[in-house]
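Below: one structure, written as structure tokens.
There are 2 protein chains.
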Amino acid sequence: MSQTLRHPEILEIARRDGKVTVERLAAHFGVTLQTIRRDLTDLAEAGRLDRVHGGAVLPSGTSNIGYEERRALNADTKRAIARACAADIPDGISLFLNIGTTTEAVARELLHHRDLLVVTNNMNVANILAANTDCEIVVTGGQLRRADGGLVGPLATGTIRQFKFDCAVIGCSALDADGDLLDFDIQEVSVSQAILRQSRRTVLVADHTKLSRTAPVRIASLADLDAMYSDADLPEKLAADCEGWATEVVRSWVVDDAGPSWQEPG
Amino acid sequence: MSQTLRHPEILEIARRDGKVTVERLAAHFGVTLQTIRRDLTDLAEAGRLDRVHGGAVLPSGTSNIGYEERRALNADTKRAIARACAADIPDGISLFLNIGTTTEAVARELLHHRDLLVVTNNMNVANILAANTDCEIVVTGGQLRRADGGLVGPLATGTIRQFKFDCAVIGCSALDADGDLLDFDIQEVSVSQAILRQSRRTVLVADHTKLSRTAPVRIASLADLDAMYSDADLPEKLAADCEGWATEVVRSWVVDDAGPSWQEPG
DNA sequence: CGCAAGTTGTTTGTTTTCGTAAATGTTCGA
DNA sequence: TCGAACATTTACGAAAACAAACAACTTGCG
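Sequence lines, in order, name chains A and B. Counting in this note's numbering, the first sequence runs from 1 upward without gaps. Counting in this note's numbering, the second sequence runs from 267 upward without gaps.
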């Protein structure tokens, strides 16, 4: 019973993307398809993955299917945004991460940060960051929303009001042309607003799909935030507005990280 | 006796990169492969790293693994206890489930109950019961304990004080001959005591292994509870005490519901 | 100086892993 | 239902990684 250096990384990729393919992993590690198949067989026997034709998926028993699909959607894009956001987060601060697949991606990029105090109302974020033993995790209370593992309601806002964060990373369902952050659930909006009030620095993470959607409840304006991270350029007028509001706009590009993984770190 | 200077640095590199290779370390330190192998063997024996072919990786969730093993331990017994407990829980009530593998088993047996309001400080319980769409789930806030997904601390007790439960199901680490419930973590004890204060009916779930163990912090006495569910008969004196305290003792038996086990013909 | 304990480099034979290739299974469209 | 394309399993030899034993070296001490 011997492990392989690849196994942990395969699991990480699987958790990140929800699935892995033999072909892609072989290209990623620079080994043959057979070798990857052997790895997947081992991991499946250990119950860490479920083997499927052409690859493997996370073992069933993890939550909501619709949610998993949504998370897999634009996974590369979200990761790129999350990486840019995480790069601007220093070690040792207090940080809030709220509901949303993009904020979860940020959590994944924070796995090697140290001495963070992370407060979240997202059970998935808590689960992800539990792997980072160098940071403390606090979960707000609240009513569990099955769709995405979010905790909302007065318990959540009440907990948040007991903190003051160095930084808050929030997501939203839509971002309209006026620079207003919008969401579907009024309870979640209350939580987001409480977060904004309790934070020294607030940043938005939102991929380009948010720009072409709309939602009924207003959270705040980009004018109220310190920065936003996205994978697309903002419409010209909104970009100008942000400049006027002193809201930093960080544009990230998707990089294909499927290349060899053993580039020597400096 | 000088400890090897390389060991701390190897661990640091491992934490930074998640993994180390024999080859890279040998080049880094300017020593032979054998020497690095000896270092890695030492570190693996000390439990600081997991040895793999070609290098070593961070021990993946040492605490988590211990937990998984603990959960698998006596799974049949715990399910039997949980089934008896769940059978006495009517639909439509408010219910608290706290930390513990046995309470998680109770959650699994509640998957077909209806109209429950379940409050828990156990992330695993919340994840399990999320599958039951006929009940509402509230998670208390608190500091995340990686070992078992428990939420503890003042946030947890504060949340609990905002409720009044029809029933609370609690576990404990040990149950001594005097009928005292004991635990290891004083924070968790505070939570359990808060739960007991806020509940109309309180029950304990504990398998027989709890009777032969001990722990330092006292939660309460069986005299303060309404019922206990176990898989073993209590010692004679304690059983008599429970009768005097009007504490109902429910003894359950393991039934093999796994169907016939595999029998190869011929 | 000599000795003992500890560490490292070298050599040896064994175990594990990996790539190749052929045989067997699976998927999917006609 | 059939067949082609793709995926998987199986087997085997080569290469890499391994553990164990021993020699050379350093260090600490009387």
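All C-beta atoms, glycine included, are put in the ideal place defined by N, C-alpha and C.
Do the CB positions of residue i and residue j come within less than 8 Å of each other?
i              : j              : result
V203 (chain A) : V152 (chain A) : no
T368 (chain B) : D473 (chain B) : yes
A254 (chain A) : A80 (chain A)  : In the sequence under discussion, the amino acid at residue 254 (chain A) is Val, which differs from the Ala named in the question. Going by C-beta atoms, V254 (chain A) is nearer than 8 Å to A80 (chain A).
D231 (chain A) : T4 (chain A)   : no
V384 (chain B) : L395 (chain B) : yes
A174 (chain A) : R213 (chain A) : yes
I89 (chain A)  : C172 (chain A) : no
A177 (chain A) : P235 (chain A) : yes
A126 (chain A) : M389 (chain B) : yes
G179 (chain A) : D134 (chain A) : no
D492 (chain B) : R467 (chain B) : yes
W245 (chain A) : A220 (chain A) : no
R16 (chain A)  : R108 (chain A) : yes
L382 (chain B) : I359 (chain B) : yes
L95 (chain A)  : F165 (chain A) : yes
By how many angstroms is the C-alpha of residue j removed from the C-alpha of residue i?
i              : j              : result
F429 (chain B) : Q464 (chain B) : 7 Å
V288 (chain B) : G320 (chain B) : 6 Å
A82 (chain A)  : L97 (chain A)  : 12 Å
L181 (chain A) : L144 (chain A) : 23 Å
R380 (chain B) : N121 (chain A) : 26 Å
V57 (chain A)  : R51 (chain A)  : 6 Å
G416 (chain B) : T513 (chain B) : 27 Å
I276 (chain B) : P325 (chain B) : 14 Å
L49 (chain A)  : L25 (chain A)  : 14 Å
A105 (chain A) : R38 (chain A)  : 29 Å
E454 (chain B) : E278 (chain B) : 33 Å
A215 (chain A) : L43 (chain A)  : 42 Å
V516 (chain B) : A352 (chain B) : 12 Å
A75 (chain A)  : T209 (chain A) : 13 Å
M228 (chain A) : G18 (chain A)  : 26 Å
F14 (chain A)  : V20 (chain A)  : Sequence check: residue 14 (chain A) is Ala here, not Phe. About 6 Å.
A46 (chain A)  : I36 (chain A)  : 15 Å
V205 (chain A) : L211 (chain A) : 12 Å
L33 (chain A)  : D185 (chain A) : 45 Å
S518 (chain B) : D449 (chain B) : 23 Å
D357 (chain B) : E243 (chain A) : 57 Å
State the beta-bridge partners of residue i as determined by DSSP.
i              : result
E136 (chain A) : A:L117
R479 (chain B) : R479 (chain B) is not bridged to any residue.
Q409 (chain B) : A:V138 and B:V418
I195 (chain A) : DSSP lists no partner for I195 (chain A).
R251 (chain A) : A:S230
L175 (chain A) : A:L181
L97 (chain A)  : A:T120 and A:V169
A56 (chain A)  : A:V20 and A:R51
A220 (chain A) : A:L181
Requested in this report: State whether the region 181-199 of chain A contacts the region 153-160 of chain A, with contact taken as three or more CB pairs (one from each stretch) at a distance under 8 Å.
Outcome: yes
Query raised in the report: Are the region 4-17 of chain A and the region 28-42 of chain A touching, with three or more C-beta to C-beta distances below 8 Å?
Result: yes
**Report entry** Stretch-stretch touch, CB-based, cutoff 8 Å, three pairs: the region 388-406 of chain B with the region 128-145 of chain A
**Finding:** yes
**Report entry** Contact residues within the region 310-324 of chain B, judged by C-beta distance below 7 Å to chain A
**Finding:** D316, V318, H319, G320, G321 and V323
Query - Positions along the region 128-142 of chain A whose CB lies within less than 9 Å of some CB in chain B - result: L129, A130, A131, T133, D134, E136, I137, V138, V139, T140, G141 and G142
Report task. Using a Cβ-Cβ cut-off of less than 8 Å, give me the residues of the region 102-131 of chain A that come near chain B, in sequence order. Result -> H112, M123, A126, N127, A130 and A131
Report task. With 7 Å as the C-beta to C-beta threshold (strictly closer), list the residues of the region 1-34 of chain A near chain B in chain order. Result -> S2, Q3, T4, L5 and P8
Query raised in the report: Which residues, in chain order, does the region 154-172 of chain A contribute to contact with chain B at a C-beta distance below 7 Å?
Result: L155 and T159
Report task. For the region 190-208 of chain A, enumerate the residues whose C-beta is nearer than 7 Å to any C-beta of chain B, in chain order. Result -> none
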